[in-house]
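Here's the structure, in structure tokens; my notes come after.
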Amino acid sequence: RLGNVPTPPSTRAHCPYCAMQCGMLIGGTPDTPELAGDGDFPVNRGALCIKGWTSAGALAHADRLTSPLVRNAEGALAPATWDEALDRIADAIRALQARYGKDAIGVFGSGALTNEKAYLLGKFARVALGTRHIDYNGRFCMASAAAAANAAFGIDRGLPFPLADIAEAEAILLVGSNVAETLPPAMQYFDAQRRAGGHLIVVDPRRTPTAAAATLHLPLVPGTDGMLANGLLHVLIRDGLVDEAYIAQRTIGFAAVRGAVAACWPGRVERITGVPEADIVRAAHLLGRSRSAIVLTARGAEQQAQGVANTLAFINIALALGQVGRRGGGFGCLTGQGNGQGGREHGQKSDQLPGYRSLRDPQARAHVAAVWGVDPDALPPPGISAFELLDALGTDNGPRGLLVVGSNPAVSAPAAGRISKRLRALDLLVVCDFFVSETAALADVVLPVAMWAEEEGTITNLEGRVLRRRRVFAPPAGVRTDIEVLHLLASRLGHSKGFAFDSAAAVFEELGRASAGGAADYRGISHARLDAGEALYWPCPDEAHPGTPRLFASDFPTPDGCARFHVVTPTDPAEAPDREYPLYLTTGRVLAQYQSGTQTRRLRELVDRAPVPRVEVHPVTATQHGINAGDIVTVRTRRGEATLQVHVTATARVDTIFVPFHWGGLGSANLLTNPALDPTSKMPEFKVCAARLELRVPD
Ligand code: SF4
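Numbering of the sequence shown is given in the UniProt record's numbering, commencing with residue 28 and proceeding in unit increments.
Written out as structure tokens, the structure reads:
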């Protein structure tokens, strides 16, 4: 437990960063904030990681934007009034749409936005702009897990049970997640699980702190997750450890999967995945002989060009064990971004309307159009996915203008060098942010917006629990909330009425009506109920409904109530090592930085702990390349090169290097990553590509 307990009065708040949304108490002033973990909030129970307890340091940071910036005739971003900035944007939008059509403007949202902002951004794109081009950075985060969960269970909620259930599982299979560094307060549940005699099996190419704490670590070759899952299921079936009664009563499709994994015997799986046969068998036996077992996936398995298939292969295991819907058992996905769950529910995806409704469904279009007071036929058709949208910018087939809200795609998109060129090719780039991020630095107009502790709204955490975001401090003079910005822009575009909300609670009320009857039904949730202290998980269809902490206890929301197995035929990653690029490159996070680092790279305590972009290299690989700890190297792939400091560590595989993705500039991991997309989710393959290491000779 870290931080300074605020002197009363303090405000209950939540950390702005990851999907744990740890509860915090905040007091003091923006210049001298006092912050501590909220021991009464049942998810983090008072614990915070270093990012949480330093988070308030960004509020009054000297780099904070307090005035709009507009690019002037000399090509520099210069301070402007709000009217000047908004008029410039509206004039440019009108001119581009008059010349090229409605789709000339695109919108790029974020899994960091509140539910209200995500909802309003989707409405703004479809009603005020009339464009089909909207998607968001969650396409780089949660899209594969969402597609797999929808296919298997008929609904996508990251964890369909409270996080605390983890402590009750006898066995946990944790795939592609370094919880100890990415969700540190969640480790209390994993620790309790092992203290109670439970087993933790971690699947990860790196021996992370999480893997080091596990009963068993399976350090697979990057990109072989699906084959490993099939191998585990093969052993479970071979050794009679599947739940035949559950499979018969609650699922469909097992016979085909049984046939498909028959060829995935452990010796063959060892040759492909690099995981010893004995460990594959042991892991399967630990899972199959436990009364309760939870299978959890995260970005390691999901951020691949076969991310949906990988996730389905692990869902197959949870279903075959008969665990999904049982207390202390099941399948879940550990969401990444702060509102990674809510951000994917309310209509900022290219193919989606609020309530998880499909933009292709005539009934869904009619329902949402009625809430919005527009003609359903006036709603645009589905657009294209995040990377496809970014890669089309400024081309004959893509938008000529882009509005970016809460995202930094110049750093976070794969093949980031190419995407930066696309952003530069735009006729209009508008960025709403707190700081001049790498994307904002390329913009024509930058709008300074309120930060997390300066706005009202809601966030949905990794369990599907809806939380209140409260205004603790007034925003600095000159800063507006995103909700105000969208209203001001919509008004200039002739759509004042549908965007004139007097509060975030009013936006949420409309969101609830738009979501009513959809999979993610928020109709019964309100700011007032949350302020009264109710713990509300969606679906919550009416005001008397208590919310739904656990899903799938009796049936699945599919037409026949049964979950679906899926045959998974693993394929090679889009790019494998060869003579020219002999190493695997994988990317991820470190404890003391967050996402593209726009906030965390500005905080001294975090920079002290993670000061520069680095590459983790196994000692054997370092020796082979003649490099030492601290050397500056070039990591090169077919997309570009990055300049990184060497960290020699035996936690990496000999054939694999690891680069965190929190930095821009020459040290950006995404200059290297491969934008090969999953065919269903359109998730890029951040987690595996081929690379080479070169010692950088000083100039
Ligand atoms: Fe909690 Fe995540 Fe914030 Fe750390 S970054 S305090 S784990 S919400």
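Note that beta-carbon positions come from the ideal geometry of N, C-alpha and C, so glycine has one too. Values in this document were obtained by computation on a predicted structure and should not be read as measured data.
Assignment of T683 by DSSP, reduced to helix, strand and coil, places it in the strand class. DSSP, read as helix, strand or coil, puts Q620 in coil. Distance from the Cα of S319 is smallest, within the candidate group R298, V351, A336, A325, for V351.
Per the CB criterion, closer than 6 Å to any heavy atom of ligand 1, the qualifying residues run in chain order as C42, Y44, C45, M47, Q48, C49, N71, L75, C76, K78, G79, L210, P211, P212. Of all alpha-carbon atoms in V499, G225, E490, V472, the one lying nearest the alpha-carbon of A480 is that of V499.
Remark: C-beta atoms of Q220 and A191 do not approach each other more closely than 7 Å. With contact defined as three or more Cβ pairs closer than 8 Å, the stretch 644-664 and the stretch 205-222 are not in contact. DSSP places H261 inside the alpha helix (DSSP H), whose first and last residues are 252-265. Inter-residue distance for D658 and L610 is about 18 Å (C-alpha atoms, whole angstroms).
The Cβ atoms of V472 and A112 lie closer than 7 Å to each other.
Under the three-state reduction of DSSP, V675 is assigned to strand.
The beta carbon of L268 lies closer than 6 Å to those of G315 in the same chain, with the five residues before and after it left out.
For a cut-off of 8 Å, the C-beta gap from F535 to E143 is around 5 Å, short enough to register as a contact. Scanning V230, D183, T237 for the CA closest to the CA of T209 turns up T237. Non-local beta-carbon contacts of V401 in its own chain, meaning distances under 7 Å to residues more than five positions away in sequence, involve V154 in chain order. With respect to S434, F688 sits apart: the two C-beta atoms are not nearer than 7 Å. Excluding residues up to 5 positions away in sequence, Q48, C49, G50, M51, I486, L494, R496 lie with their Cβ nearer than 7 Å to the Cβ of H41 in the same chain. Per DSSP, reduced to three states, the secondary structure at D192 is helical. DSSP, read as helix, strand or coil, puts N205 in coil. In this structure, V595 sits near L339, with a CB-CB distance shorter than 7 Å. For M214, the enclosing alpha helix (DSSP H) begins and ends at 214-222.
Just so you know, the alpha carbons of R309 and A240 end up roughly 17 Å apart.
One thing to note: V617 has its Cβ no nearer than 7 Å to the Cβ of V644. By the neighbour-count criterion, in which a residue is buried when 16 or more other Cβ atoms sit within 10 angstroms of its Cβ, S82 is buried. Here the alpha carbon of R184 sits roughly 44 Å from the alpha carbon of A103. The beta carbons of T614 and T700 sit about 6 Å from each other, so the pair counts as a contact at 8 Å. Take the alpha-carbon of P576 and the one of G491: they are about 8 Å apart. Distance check between A679 and each of R234, A275, L693, F579 places R234 closest, using alpha-carbon atoms only.
Residue burial annotation: P57 is buried, with at least 16 other C-beta atoms found within 10 angstroms of its C-beta.
Only residues of its own chain outside the window of five on either side were considered, and among them M47, C49, G50, G64, P212 have a CB closer than 7 Å to the CB of N71, listed in chain order.
Distances from the alpha-carbon of A332 to those of D605, L722, R98, P711 put P711 closest. N697 counts as buried, since no fewer than 16 other beta carbons sit within 10 angstroms of its beta carbon.
Residue ranges of uninterrupted beta strand (DSSP E) with 3 or more members, entirely inside the stretch 620-650 and ordered along the chain, are 641-644. Residue pairing for D162: DSSP places it in a beta bridge opposite F135.
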